[in-house]
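Chemist: Below are the structure tokens for one structure; questions will follow.
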Amino acid sequence: MNEANQAFQDAIAQDSTLGEPHLGLGLVLFRRNQTDAAVEALRKATLLEPKASLYNSYLGKAYYEVKQDRLARKQLTTAKQLDPRDPTPHFYDAIRRQSVNRPVEAVQNLQKSIELNDNRAVYRSRLLLDEDLAARAATLGRIYHEVGFGQLGLNEGWKSLTRNPADHSAHRLLADSYSTLRRHEIARASELLQSQLLQPINITPVQPQLAETNLGILAGAGPATPSLYEFNPLFVRDHPTLFVSGVVGNNDTVGDELILSGISNRFSYSFGQFHYETNGFRENNQLQHDIYNLFTQVAITSTFSLQAELRRRETEQGDLTLSFFGDFPDAERLKLHQDTARLGARYAPSPRSNVIVSLIHADREEQRSLSNITGDDEGYQTEAQYLFRDIDYNLVAGIGASRIDAKIDTQGFMIEHSNAYVYANIVLPKNLTWTIGFSYDAYNEQGTVDLDQFNPKLGLRWDITDNLHLRLAAFETLKRTLLVEQTIEPTQVAGFNQFYDDLNATKAKNYAIGLDTRFADGLYGGVQASHRDLDVLTAGFEGSRFEAEREQLFSAYLYWMPHPNWAIQNEYRLEKYETDRTNPFRVDTLSIPLAVRYFDPSGFFGQLGAIYVRQEVQDIDFSVMELPVVTDSDDFVLVNAAVGFRLPKRQGILSLEAWNLFDKEFRFQDMSFRTSHPEQPANSGFMPDRTIFARITLNF
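Per my numbering: the sequence shown = residues 1 to 700.
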């Protein structure tokens, strides 16, 4: 840093009429957290190069950094006028507009930036002198999520990773976007891990709960939202930052989150704690989490970095499941204590290649009161991956191994898993991107199961026109047993998730097709269908065996931005599940959400939505002595509403939200019975009880 500062000072002394050394000096001063001097240096650079769009973009970023929005808007507008083909000012202006409660306009600017950048999402500045870490990390998914356009965030993340699997911002985009999807917990946590391993040092707070799975918290009802990137600076600076959030609601719901993060030269850190508790909506529905983490990262050189993370999770809960026929044990309690230690490394031997390594050790203890069973699992997970990118193709190859020494009461056994994989994304011809690869899994559960499986992968993305895109995929998977539900193997093939929260050792054959289009400016739509043939490992009196299951998904979406202040979301989702075994035999779930969101430039925002749900379940009725097989259904409409205010100068957000506003009671079958942790269901998104909560988020 000192050498760079001196070099720019010498260049200015030799010729003070050149703008470039003033620009470089401004970036160095920002890194040193000398913001006033940095802004002045960038202002001088722009005065010397008034016709250069990029200089005006950086001055606009500088004004954004010091929270002078009017001046930032002026410079970014000038940059757009000077070079209408430059995507950079549109991207930075999107981040600015989102921070001043104009997310619809932010989406429009992002789309313009994408169009100007070869129709690919922009995550970084074109100027190599500026690492522009926050711009890379500024999550498109957060903005899309805010206006309710979640599928657009997924589309951009999938497309970007297909072109560049080493882009840490795109991995984080998917992690944020997956947080609202059911049965995507493993995929979400894995994308988070890949993002962390590939990222340079930065000031982004590491939220303690994000790496944990199956927390059972209603989406949006926790202390903080999944992403904090909207509060991040656009320039990397050596300084600390403090993030505080809290939530309070009915059913004695209380939660808080506190994170201290910062950068000091080549070292970054994040300390955080997360607390959440609620009594739930029925007897024995209590839940309490206490999660702590310490994350550090150091850049040894510009191409080699190390990171370490320590996490502790303490959970105590009652019965959190939703059962259609209302079988809720009154005495079922679970206590969970887990300590996790993680080491990671990234090495970039060339600008086109990366090597990442992940080492995870965990110790997990569980106590169940009803069955009086105690579990004690300890194990490790090791993985290494090589990534290479060229103009028309990229390659991802990796290996991994894991071992769990498990104990249930006094009986101990060992679970081992090893895997290897190769994925190649090939552009041939220009509008077709092929994904070709395979993975190999070897799974051994001591004394009971020994599996070896080869999994072919094939995908295709066809850009039929600039506004019409077709996705196809066919692939096989084996659900591995992981003590920490994270992996660095690619989670998607051609825009289709391949890691679902299935039962351990489940074999799956997956087939999928999707079509996405932009009908006009501000009007987007698409359809998707997938089919999965599953062989599920079950235990019986005669030993373990595989039983067949089938799963189908049909979905569609329509998003409309009729006005810069309004966004309308409409979706359709039909999930069909069928098995020859019980608990239950068949579950068909239809959901149709419709939501309208309003964003006022003053900072106020509001949302009103309704979701229609119809579910049909076939199962054994355990309330009748004869245990007959019955088919029953229920349908209902839930109304949700929210109002809030975004504090000026990116200081925070206040909100008041109500889910199931009219307190509608209903019957619903969640999908926890299909996971490896049925006692810890990921929240279904529906609650048969009115839920009201107020949340505050502050950034210092």
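Built from N, CA and C at the ideal position, the CB exists for glycine as well.
1) Going by beta-carbon coordinates alone, are Val-357 and Gly-344 separated by less than 8 Å?
2) Could you check if His-563 is buried or exposed, using at least 16 other CB atoms within 10 Å of its CB as the buried criterion?
3) Within 10 angstroms of the Cβ of Val-122, are there 16 or more other Cβ atoms? Answer buried if so, exposed if not.
4) Which residues share a DSSP beta bridge with Tyr-386?
5) Anyone know if the C-beta pair for Tyr-728 and Gly-609 falls short of 8 Å?
6) For Gln-669, does the three-state DSSP call read helix, strand or coil?
7) Tell me, which residues are paired with Lys-509 by DSSP?
8) Within 10 angstroms of the Cβ of Pro-21, are there 16 or more other Cβ atoms? Answer buried if so, exposed if not.
9) Any idea what DSSP makes of Lys-159, helix, strand or coil?
10) Phe-585 by DSSP, collapsed to three states: which one?
11) Which runs of the alpha helix (DSSP H), 4 residues or longer, sit entirely within the stretch 305-340?
12) When burial is assigned at 16 or more other CB atoms within 10 Å of the CB, is Gln-81 buried or exposed?
13) According to DSSP, simplified to helix, strand and coil, what is Ala-187?
14) Got a sec? Which residues, its chain only, sit under 7 Å from Leu-59 by beta carbon, not counting five neighbours each side?
15) To the nearest angstrom, how far is the alpha carbon of Phe-243 from that of Thr-481?
16) Tell me whether Thr-77 sits in a helix, a strand or coil according to DSSP, three-state version.
17) Using the beta-carbon count (16 or more within 10 Å), is Lys-67 buried or exposed?
18) Mapping DSSP to helix, strand and coil, what is Asp-634?
19) For the pair the stretch 309-320 and the stretch 662-669, tell me if three or more CB-CB distances fall below 8 Å.
20) Rounded to the nearest angstrom, what separates Trp-551 and Asp-376 at their Cα positions?
21) For the beta strand (DSSP E) that contains Asp-619, what are its first and last residues?
22) Report yes if the CB atom of Ala-397 is closer than 8 Å to the CB atom of Tyr-386, and no otherwise.
23) Give the DSSP bridge partners of Asp-83, in chain order.
24) Report the rounded CA-to-CA distance for Asp-132 versus Leu-234, giving the unit in angstroms.
25) In chain order, what residues of the same chain lie with their CB nearer than 6 Å to the CB of Ala-508, ignoring the 5 residues before and after it?
26) Note down the Cα distance separating Leu-152 from Val-643, rounded to an integer number of angstroms.
27) Pull up the CB-CB distance for His-171 and Gln-194, whole angstroms please, since I reckon it's below 8 Å.
28) If I measure Cβ to Cβ from Asp-670 and keep anything under 7 Å in the same chain, skipping five residues before and after, which residues do I get?
29) Less than 8 Å between the C-beta atoms of Gly-272 and Pro-205, yes or no?
30) For Lys-723, does the three-state DSSP call read helix, strand or coil?
31) Let's see if you can read the secondary structure: which residues bound the alpha helix (DSSP H) around Asn-570?
32) What does the alpha-carbon distance come out to for the pair Arg-136 and Val-449?
33) DSSP three-state call for His-145: helix, strand or coil?
34) When you compare the CB positions of Leu-483 and Ala-362, do they come within less than 8 Å of one another, or not?
35) For a test of the three-state rule: what should DSSP assign to Asn-431, helix, strand or coil?
36) Which residues does DSSP list as the beta-bridge partners of Val-104?
Modeler: Let me spell this out:
1) A distance below 8 Å separates the beta carbons of Val-357 and Gly-344.
2) Classification for His-563: exposed.
3) Annotation note: pLDDT 47 at Val-122 (below 50); position unreliable, coordinate value reported separately. It is buried - the Cβ of Val-122 has at least 16 other Cβ atoms within 10 Å.
4) In the DSSP secondary-structure assignment, Tyr-386 is bridged to Val-355 and Ala-397.
5) Because the chain in this structure spans residues 1 to 700, residue 728 falls outside the shown range and cannot be described.
6) Looking at Gln-669 - three-state DSSP - the assignment turns out to be coil, as it is neither helix nor strand.
7) Residue pairing by DSSP puts Lys-509 in a beta bridge opposite Glu-476 and Asp-533.
8) Counting every other CB atom within 10 Å of its CB across the protein chains shown gives Pro-21 a total of 16 or more, marking it as buried.
9) Of the three classes helix, strand and coil, the one that applies to Lys-159 here is helix, per DSSP.
10) Coil, per DSSP.
11) Within the stretch 305-340, no run of alpha helix (DSSP H) at least 4 residues long lies entirely inside it.
12) The residue in question, Gln-81, is exposed, as its Cβ has fewer than 16 Cβ neighbours within 10 Å.
13) Ala-187 falls in the helix class under three-state DSSP.
14) Excluding sequence positions up to five before and after Leu-59, its CB lies within less than 7 Å of the CB of Leu-42, Arg-43, Thr-46 and Gln-75, all in the same chain and listed in chain order.
15) Distance between the alpha carbons of Phe-243 and Thr-481 is about 35 Å.
16) It is helical.
17) Under this definition Lys-67 is an exposed residue.
18) In the three-state scheme derived from DSSP, where H, G and I count as helix and E and B as strand, Asp-634 is classed as strand.
19) Not touching, per the Cβ criterion.
20) Rather than Trp, the amino acid found at residue 551 in this sequence is Glu. Those two C-alpha atoms are separated by around 33 Å.
21) It spans 604-620 - the beta strand (DSSP E) in which Asp-619 sits, taken as one unbroken run.
22) Between Ala-397 and Tyr-386, the C-beta spacing is below 8 Å.
23) DSSP, once it has assigned bridges, lists no residue as partnering Asp-83.
24) The predicted position of Asp-132 is uncertain, since its pLDDT is 34 and thus under 50; a value taken from the coordinates is nonetheless stated next. The C-alpha of Leu-234 is placed about 7 Å away from the C-alpha of Asp-132.
25) Result list for Ala-508: Thr-477, Arg-532 and Leu-534, in chain order.
26) One C-alpha to the other measures close to 24 Å.
27) Confirmed, about 4 Å.
28) Only Thr-321, Leu-322, Pro-681 and Ser-684 meet the Cβ criterion.
29) Yes.
30) Summary: the structure shown does not reach residue 723, with the chain confined to residues 1 through 700, and so no result is reported for it.
31) Element bounds for Asn-570: not the alpha helix (DSSP H) but the beta strand (DSSP E), 566-579.
32) Per-residue confidence for Arg-136 stands at a pLDDT of 38, beneath the threshold of 50, marking its modelled position as unreliable; the derived number appears in the next sentence. As the crow flies, the alpha-carbon of Arg-136 is around 44 Å from that of Val-449.
33) Secondary structure at His-145: helix, using DSSP grouped into helix, strand and coil.
34) In this structure, the beta-carbon distance from Leu-483 to Ala-362 falls below 8 Å.
35) Shown here, Asn-431 sits in coil according to DSSP, grouped into three states, outside any helix or strand.
36) DSSP links Val-104 through a beta bridge to no other residue.
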